[in-house]
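Participant:
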Amino acid sequence: MTTEHPPLLLLSAARCRAFTRVMRIVVTALVVWTLSDAPMARGDSVQGVRLDPAIADPVLAPGGALFLPLDAERHGDNWPRTLSVRYQQGGDVTGQVIWLYASDRPRDLHWTTPPTWLNVRAIEPTDDSSLGLGRPHLVARVPADAGGTVRVLGVTLNPTWRTIPHDPFDDGPIDASGPPLDRFTAPHRPDPDNPFEYWRWVLLASKLRVPPPPPAGDEAQMLVARYHADLWLLALGRLASRSVSAARACREQLTAICEDRGMPFAAWVTDGLELSALLRVLLDFSRPDSSLPAEANGWVDGHEMVLFWPDGDEGDQVRLAMTNAGRVERVVRFRWVWGDAQRDAAEIPTAVELPPGVLTRVFVDRPAPPPAGPLGARRTIQPLLEIDSGRSKRRFAIRPRVFEATPPGLLMGPFQPPLTLAEVNANNLLPAEPEWSTNVAIRRADGRWEVFVECFRPGGPPGQAVLLNRASGPLDTRGVEAVTILIGPSENPVAAITVPEVGWYRLWAGGHEDAMEVHRRSLGDRWFCRVVLPDPWLIASTDRGVGIGFLRTHGDSGGVETAPNPAVPWRPDPGRIEVNLRAWTDLPPSLGPDGRPVGR
1144 MTTEHPPLLL LSAARCRAFT RVMRIVVTAL VVWTLSDAPM ARGDSVQGVR
1194 LDPAIADPVL APGGALFLPL DAERHGDNWP RTLSVRYQQG GDVTGQVIWL
1244 YASDRPRDLH WTTPPTWLNV RAIEPTDDSS LGLGRPHLVA RVPADAGGTV
1294 RVLGVTLNPT WRTIPHDPFD DGPIDASGPP LDRFTAPHRP DPDNPFEYWR
1344 WVLLASKLRV PPPPPAGDEA QMLVARYHAD LWLLALGRLA SRSVSAARAC
1394 REQLTAICED RGMPFAAWVT DGLELSALLR VLLDFSRPDS SLPAEANGWV
1444 DGHEMVLFWP DGDEGDQVRL AMTNAGRVER VVRFRWVWGD AQRDAAEIPT
1494 AVELPPGVLT RVFVDRPAPP PAGPLGARRT IQPLLEIDSG RSKRRFAIRP
1544 RVFEATPPGL LMGPFQPPLT LAEVNANNLL PAEPEWSTNV AIRRADGRWE
1594 VFVECFRPGG PPGQAVLLNR ASGPLDTRGV EAVTILIGPS ENPVAAITVP
1644 EVGWYRLWAG GHEDAMEVHR RSLGDRWFCR VVLPDPWLIA STDRGVGIGF
1694 LRTHGDSGGV ETAPNPAVPW RPDPGRIEVN LRAWTDLPPS LGPDGRPVGR
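Numbering (our numbering), first residue to last: 1144 to 1743.
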């Protein structure tokens, strides 16, 4: 199957807004309800609290947690804070009513930020289920000796009771007295605070042969986390009873980690539909246990193990960062597709071998320009790059090799937030929030080239000047309200300058400071930066273009955005866009190696 996509990981503004709306209400695979189910007509106090009529009998583990969606005859606010749960074996337990809601998008996006921003907290009197902004649920402890039926709000449930296996993957004993797996934010660790991601911490700890960390948060969040972790342990334990190798293969896909120059990063499955498909099969007790290994192996084999994102497309080559999350080497093929059957058939694919577990930077040569038309003009057809991983074929539009700077200026923006694993898996990149977005124009004024940057930020300018002496380089300015301009190759920039909103700028490379100008202006919701560039910085400007990249950091968070390319959180290199400055209509003579005019 071949699918076509817009430029790698880039969406139009309209599609981004639509995708953002969807992502705020989509529930992960571990949650089997939707927030939009609640009535939208505003009510008063809730009446007739009941269990969701669509609820199925749950799968429970003694000593674990119970998690049930609630409903009402008439929705509203003032939900009860607690409800009684009666276990046929185990006695009565007081359960807590909690509120499940889509929280605001995190300011600091990490590589493993979940694709949905769901959270839970204790119910509050003002939580109104009639507005459709959240939904109440019941969480409760399951006694260690629990069994039989469960009665809640007059409804009798007949759970499937299963004991959590001690070592479902047959990895050998774990030293329970040893320190648990450290819970912290890192590219190779799940979100440490999200209760709907705790199950992955438990599986990862089992693979690393250490005790799992305790769940984060308050009692309600910990019970939600424990409930979903138990579901995965029960599901994979049931699979392991028939095939340990199949259970290990599933765990590997759910906790896969690769490396980029020694930096480990997650490469696991994040798609909610894929996760729910596996969990649904493994917890379907109407299926015979003997059918599970084939189902699980089919799920593993059907998962796309090759991840990639743009690492640069300036110049005569397109550079991709690609990783193989599988355990064996894989061959990936590339082909340019023009939409012309005869020419496409003549295109010979190129191939690369991707070793497992490491990030590989792949260079794909751009095709020769299309033949000239009858009047000598070049056709402006932009071919698509087809990437064939062996399991899927995907086609992407690639940016032109060079962009021409023509009056009134070359505009770029908004800058892109860091990539997340979920976005790479889905090939959907969300834009920066408008309140913190950044736009730039490369233009010529009064006979000089300049960069004009517009930086949105609420709250007004910083109260005091910020020093950049603690930064180790131009890519290490997190926590400072600033813009960084990079000119020349990524490996060895010709010039690099960081300009904070308040305080002294820092020139990292380039020299010719006497020929440079920096101007700034702060407003209530944004600030502007104009940097007049010394001509010697632009000596490399020929018909091939000069490479320029940008980085924006924020003073109120560790957030960062880049242009022209989105960057991974552990290496915020923006890449470069090649700009042909010779396309401007008001140009001085060309510059020689010493920066002096040498004639047109």
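Glycine is no exception: its CB is placed at the ideal position from the N, C-alpha and C atoms.
Compare the beta carbon distance of GLU1624 and THR1696 with 9 Å and say whether it is the shorter of the two.
Facilitator: Residue mapping note: residue 1624 aligns to position 481 of the sequence shown, counting from 1. Residue mapping note: residue 1696 aligns to position 553 of the sequence shown, counting from 1. Yes. Within cutoff.
Participant: What's the gap between the Cα of PRO1223 and the Cα of THR1581?
Facilitator: Position 80 of the sequence shown holds residue 1223. Position 438 of the sequence shown holds residue 1581. Using only the alpha carbons, I get a separation of about 45 Å.
Participant: Taking 8 Å as the cut-off, is the CB of THR1256 close to at least one heavy atom of the ligand FMN?
Facilitator: Because no ligand of any kind appears in the structure shown, any question about the ligand FMN cannot be addressed here.
Participant: What is the C-beta distance between LEU1382 and ALA1439, in whole angstroms, given that I count them as a contact (C-beta under 8 Å)?
Facilitator: Position 239 of the sequence shown, counting from 1, holds the residue named residue 1382. Position 296 of the sequence shown, counting from 1, holds the residue named residue 1439. Indeed, because the Cβ distance is near 5 Å, the residues count as touching under 8 Å.
Participant: Which value, in whole angstroms, describes the spacing of the CA atoms of ILE1307 and TYR1230?
Facilitator: Stepping through the sequence shown from its first residue, residue 1307 is reached at position 164. Stepping through the sequence shown from its first residue, residue 1230 is reached at position 87. Their backbone Cα atoms lie some 19 Å apart in a straight line.
Participant: Among the residues of its own chain, which have a CB less than 7 Å from the CB of ASN1221, if the five just before and after it don't count?
Facilitator: Translated into the one-based positions of the sequence shown, residue 1221 becomes position 78. Hits under 7 Å: SER1188, VAL1189, PRO1268.
Participant: Using 9 Å as the threshold, is the C-beta distance between GLY1698 and ILE1720 below it?
Facilitator: As a working note, residue 1698 is residue 555 in the sequence shown. As a working note, residue 1720 is residue 577 in the sequence shown. Contact: no.
Participant: Just curious, the alpha helix (DSSP H) that HIS1371 is in, first and last residue?
Facilitator: Against the sequence shown, residue 1371 aligns to sequence position 228. Counting along the chain, the alpha helix (DSSP H) containing HIS1371 begins and ends at 1362-1383.
Participant: Give the DSSP-derived three-state secondary structure of GLN1525 in the structure shown.
Facilitator: Here residue 1525 refers to the residue found at position 382 when the sequence shown is read from its first residue. Looking at GLN1525 - three-state DSSP - the assignment turns out to be coil, as it is neither helix nor strand.
Participant: So what does ALA1638 bridge to, in DSSP terms?
Facilitator: Along the sequence shown, one-based indexing puts residue 1638 at 495. Note: ALA1638 sits in a beta bridge opposite ILE1630.
Participant: Which same chain residues, not among the five before or five after LEU1650, have their C-beta less than 7 Å away from its C-beta?
Facilitator: To locate residue 1650, count along the sequence shown from 1; it is residue 507. The answer, listed in chain order, is ILE1640, GLU1656.
Participant: For ARG1755, which residues from the same chain have a beta carbon less than 8 Å from its beta carbon, with the 5 sequence-adjacent residues on both sides left out?
Facilitator: With the chain covering 1144 to 1743 only, the question about residue 1755 has no answer from this structure.
Participant: Could you name each continuous beta strand (DSSP E) segment of 3 residues or more that falls completely within the stretch 1566-1636, going from the start of the chain to the end?
Facilitator: Runs of the beta strand (DSSP E) inside the stretch 1566-1636: 1581-1588, 1591-1599, 1625-1630.
Participant: Using only the alpha-carbon positions, how far apart do SER1111 and LEU1209 sit?
Facilitator: Missing from the structure shown is residue 1111; the chain here goes from 1144 to 1743 and no further.
Participant: If we call anything under 9 Å between Cβ atoms a contact, is VAL1501 one with ASN1467?
Facilitator: On the sequence shown, residue 1501 is found 358 positions in, with the first residue counted as 1. On the sequence shown, residue 1467 is found 324 positions in, with the first residue counted as 1. Yes, the Cβ-Cβ distance between VAL1501 and ASN1467 is below 9 Å.
Participant: Quick test of your reading: ALA1265 and GLN1239, contact by CB under 8 Å. State the CB separation rounded to the nearest angstrom.
Facilitator: On the sequence shown, position 122 is the one that residue 1265 refers to. On the sequence shown, position 96 is the one that residue 1239 refers to. Contact flag correct, Cβ pair sits at about 7 Å.
Participant: Exposed or buried, which one is PHE1408 when buried takes at least 16 other CB atoms within 10 Å?
Facilitator: Counting from one through the sequence shown, the residue named residue 1408 turns up at place 265. Classification of PHE1408: buried, given that the 10 Å Cβ count is 16 or more.
Participant: Which two residues bound the contiguous beta strand (DSSP E) that contains GLY1692?
Facilitator: Counting from one through the sequence shown, the residue named residue 1692 turns up at place 549. Counting along the chain, the beta strand (DSSP E) containing GLY1692 begins and ends at 1689-1696.
Participant: Taking the alpha carbon of VAL1495 as the point to measure from, which residue in ALA1488, ASP1483, ASP1508 has its own alpha carbon closest?
Facilitator: Along the sequence shown, read from residue 1 onward, the residue named residue 1495 stands at position 352. Of the candidates ALA1488, ASP1483, ASP1508, the one whose C-alpha sits nearest the C-alpha of VAL1495 is ASP1508.
Participant: With a 10 Å radius around its C-beta and 16 neighbouring C-beta atoms as the bar for buried, classify SER1349 as buried or exposed.
Facilitator: As a working mapping, residue 1349 is identified with position 206 in the sequence shown. That one is buried.
Participant: When we look at the beta-carbon of ALA1588 and count the other beta-carbons within 10 Å, is it buried (16 or more) or exposed?
Facilitator: Locating residue 1588 in the sequence shown gives position 445, where the first residue counts as 1. That one is exposed.
Participant: Between which residues of its own chain and PHE1506 is the CB-CB distance below 7 Å, once the five residues before and five after are set aside?
Facilitator: By one-based count along the sequence shown, residue 1506 stands at place 363. The residues are GLN1460, ARG1462.
Participant: Less than 9 Å separating the beta-carbons of VAL1674 and VAL1609?
Facilitator: On the sequence shown, residue 1674 is found 531 positions in, with the first residue counted as 1. On the sequence shown, residue 1609 is found 466 positions in, with the first residue counted as 1. No. Outside cutoff.
Participant: Can you look up ALA1184 in the DSSP assignment and give me helix, strand or coil?
Facilitator: Mapped onto the sequence shown, residue 1184 falls at position 41. Per-residue confidence for ALA1184 stands at a pLDDT of 46, beneath the threshold of 50, marking its modelled position as unreliable; the derived number appears in the next sentence. Coil at ALA1184, not helix or strand.
Participant: Would you decide whether THR1728 is buried or exposed? Buried here means 16 or more other CB atoms lie within 10 Å of its CB.
Facilitator: For the purposes of this step, residue 1728 is taken as the residue at position 585 of the sequence shown. Exposed is the call here.
Participant: Going by DSSP in three states, ARG1423 sits in which element: helix, strand or coil?
Facilitator: In the sequence shown, residue 1423 corresponds to position 280, counting from 1. It is helical.
Participant: Could you name the residues that DSSP lists as bridge partners for LYS1350?
Facilitator: Against the sequence shown, residue 1350 aligns to sequence position 207. Bridge partners of LYS1350: none, in fact.
Participant: Under 9 Å between the Cβ atoms of ILE1628 and VAL1689?
Facilitator: Sequence index remark: in the sequence shown, residue 1628 carries index 485 (1-based). Sequence index remark: in the sequence shown, residue 1689 carries index 546 (1-based). Their beta carbons are not under 9 Å apart, which means ILE1628 does not touch VAL1689 by this criterion.
Participant: Using C-beta distances below 6 Å, list every residue in its chain close to VAL1353, excluding the 5 sequence neighbours before and after it, in chain order.
Facilitator: Within the sequence shown, numbered from 1, the residue matching residue 1353 stands at position 210. Correct list, in chain order: LEU1324.
Participant: Rounded to a whole number of angstroms, what is the C-alpha to C-alpha distance between PRO1330 and ARG1217?
Facilitator: Within the sequence shown, numbered from 1, the residue matching residue 1330 stands at position 187. Within the sequence shown, numbered from 1, the residue matching residue 1217 stands at position 74. Approximately 44 Å, taken between the alpha carbons.
Participant: Please tell me whether ALA1410 and LEU1379 are closer than 9 Å, where the distance is taken between their beta carbons.
Facilitator: The residue labelled residue 1410 in the question sits at position 267 within the sequence shown. The residue labelled residue 1379 in the question sits at position 236 within the sequence shown. The answer is no: Cβ separation not under 9 Å.
Participant: If you draw a straight line from the alpha carbon of ILE1585 to that of PRO1632, how long is it in whole angstroms?
Facilitator: Taking the sequence shown and counting its residues from 1, the one referred to as residue 1585 is at position 442. Taking the sequence shown and counting its residues from 1, the one referred to as residue 1632 is at position 489. Looking at the two C-alpha atoms, the distance is approximately 18 Å.
Participant: Helix, strand or coil, according to DSSP, for LEU1203 in the structure here?
Facilitator: Counted from its first residue, the sequence shown places residue 1203 at position 60. Here LEU1203 sits in strand by DSSP.
Participant: What is the DSSP secondary structure of SER1273, counted as helix, strand or coil?
Facilitator: Sequence index remark: in the sequence shown, residue 1273 carries index 130 (1-based). Correct three-state label for SER1273: helix.
Participant: Which first and last residues belong to the alpha helix (DSSP H) in which ALA1745 is found?
Facilitator: No information on residue 1745 is available, as it lies outside the stretch 1144 to 1743 that the chain covers here.
Participant: Between the alpha carbons of PRO1196 and ASP1214, how many angstroms are there, rounded?
Facilitator: The residue labelled residue 1196 in the question sits at position 53 within the sequence shown. The residue labelled residue 1214 in the question sits at position 71 within the sequence shown. Distance between the alpha carbons of PRO1196 and ASP1214 is about 8 Å.
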